[in-house]
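So this is what it looks like as structure tokens:
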């Protein structure tokens, strides 16, 4: 999730996020949730804070479940999926159940402390009754707004994720000629551009292809409060041979759009996966390749978490599952080139990452990811790396 801070209409200034409906049950912070460790790496200072942990539970995939912020990054909200932790033969040590448990963890001090919340399942999580047609009249400019995108549907909130509305459909978006026959592979990535308008960066797959994981990212706009959604452009064209999905998008200080995507060669399981970036200089009407960002290893790789800093730099975080490490890289030229990668965290299991990242109210980057470590055994948990660049 990303948001614009200003738009010209009525010179209204705001912060925003994503959404789903339902009341929330707060779960008290356990003593270990205040645990933190500090390191100095590559010229940056890093504090590691446990954001959501429970022994015997697997909590993971923040990139699939959303990040939102308000008050210039002082209040942060991160989504994750939870299940029973149990060693498995495959990649993920989780017992999958239906319905899946999806929860939130919130910080009101820029990432120093956290509290887990459990939204009502009928609105924050997919429900069997939806999605319903989007009713329109969505106030994207509301100061407490949040939007959550999950494949073929979305949810909204006007109270910072404490309750949610939805799920709503895209009102015929996939009937557009560019998307006909495709299915949505979208997660939460959007830019608020006005009180009635937003750009949503989504992804689609073609189930008829030999390699259905050959997904591509694209940009959609609404200018009528979510009553209609219109295809604008492919971020990565279908002539590209590789998977390019799970976009993470920012608007740079000079108004360009930069989008980082998770890439994979679906024809070669053992080829290392990677992150690419693309740039648009015409507000998303067209895109061009910008740079290779980082190597995410084998085992299906990892998505990026892209952020823009107040000083104009870009930062991108990602996991390398082969090396079992979290990385961050910085760019001083809008993503055209990147400094040497810095290790954020080491793990003892290859199943880690799926990060999100944002700058907090103190000008520090807060990167979220899931990880398994020997100092917190029998669990996978959400950690926040608070980075002083």
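Residue numbers (the numbering used here): 1139 to 1527.
In this text, a Cβ means the ideal position worked out from N, Cα and C, and glycines have one as well.
The beta carbon of residue 1240 sits closer than 8 Å to those of 1203, 1217, 1218, 1219, 1220, 1257, 1259, 1262, 1263, all from its chain and outside the five residues before and after it, given in chain order. Per DSSP, residue 1201 is not a residue of any beta strand (DSSP E); the alpha helix (DSSP H) it occupies stretches across 1200-1203.
Residue 1351 counts as exposed, since fewer than 16 other C-beta atoms from the protein chains shown sit within 10 angstroms of its C-beta. Residue 1375 places its beta carbon 8 Å or farther from that of residue 1339. Listed as beta-bridge partners of residue 1332 by DSSP are 1335. For residue 1283, the secondary structure class from DSSP, reduced to helix, strand or coil, is coil. Contact annotation: the stretch 1477-1491 does not touch the stretch 1410-1430, with fewer than three C-beta pairs closer than 8 Å.
In this structure residue 1422 touches residue 1357 by the C-beta definition: roughly 4 Å separates them, less than 8 Å. In summary, residue 1360 is buried, with 16 or more beta-carbon neighbours lying within 10 Å of its beta-carbon over all protein chains present. Distance from residue 1508 to residue 1199 at the Cβ level is roughly 6 Å; contact confirmed, criterion being Cβ atoms closer than 8 Å. Rounded to whole angstroms, the separation of the alpha carbons of residue 1209 and residue 1246 is 9 Å. Residue pairing from DSSP leaves residue 1447 without any beta-bridge partner. Apart from sequence neighbours up to five positions away, the residues of its chain that approach residue 1297 with a beta-carbon distance below 7 Å are 1282, ordered along the chain.
Membership of residue 1193 in any beta strand (DSSP E) is not indicated, and neither H nor E is assigned to it by DSSP.
When secondary structure is reduced to three states using DSSP, residue 1311 falls in the helix class.
Contact check for residue 1249 and residue 1504: beta-carbon distance about 4 Å, within the 8 Å limit, so the pair qualifies. Under DSSP, residue 1386 shares a beta bridge with 1398. Within the DSSP secondary-structure output, residue 1526 pairs in a beta bridge with 1183. The shortest C-alpha to C-alpha distance from residue 1289 to any of 1324, 1335, 1365, 1269 is the one to 1324. Taken atom to atom, the span from the alpha-carbon of residue 1492 to that of residue 1443 is near 8 Å. Looking only at 1369, 1337, 1335, 1486, the smallest Cα-Cα distance to residue 1320 is reached by 1369. Between the alpha carbons of residue 1224 and residue 1197 lies a gap of roughly 12 Å. Counting every other CB atom within 10 Å of its CB across the protein chains shown gives residue 1229 a total below 16, marking it as exposed.
Under DSSP, residue 1430 forms a beta bridge with 1414.
The alpha-carbon of residue 1317 is positioned some 8 Å away from that of residue 1342.
A check of alpha carbon separations from residue 1387 across 1495, 1215, 1189 identifies 1495 as the nearest. Distance from the Cα of residue 1194 is smallest, within the candidate group 1510, 1303, 1181, for 1510. A residue is called buried when at least 16 other Cβ atoms come within 10 angstroms of its Cβ; residue 1234 does not meet this threshold and is exposed. Around the beta carbon of residue 1486, a 10 Å sphere encloses fewer than 16 other beta carbons of the protein chains shown; the residue is thus reported as exposed.
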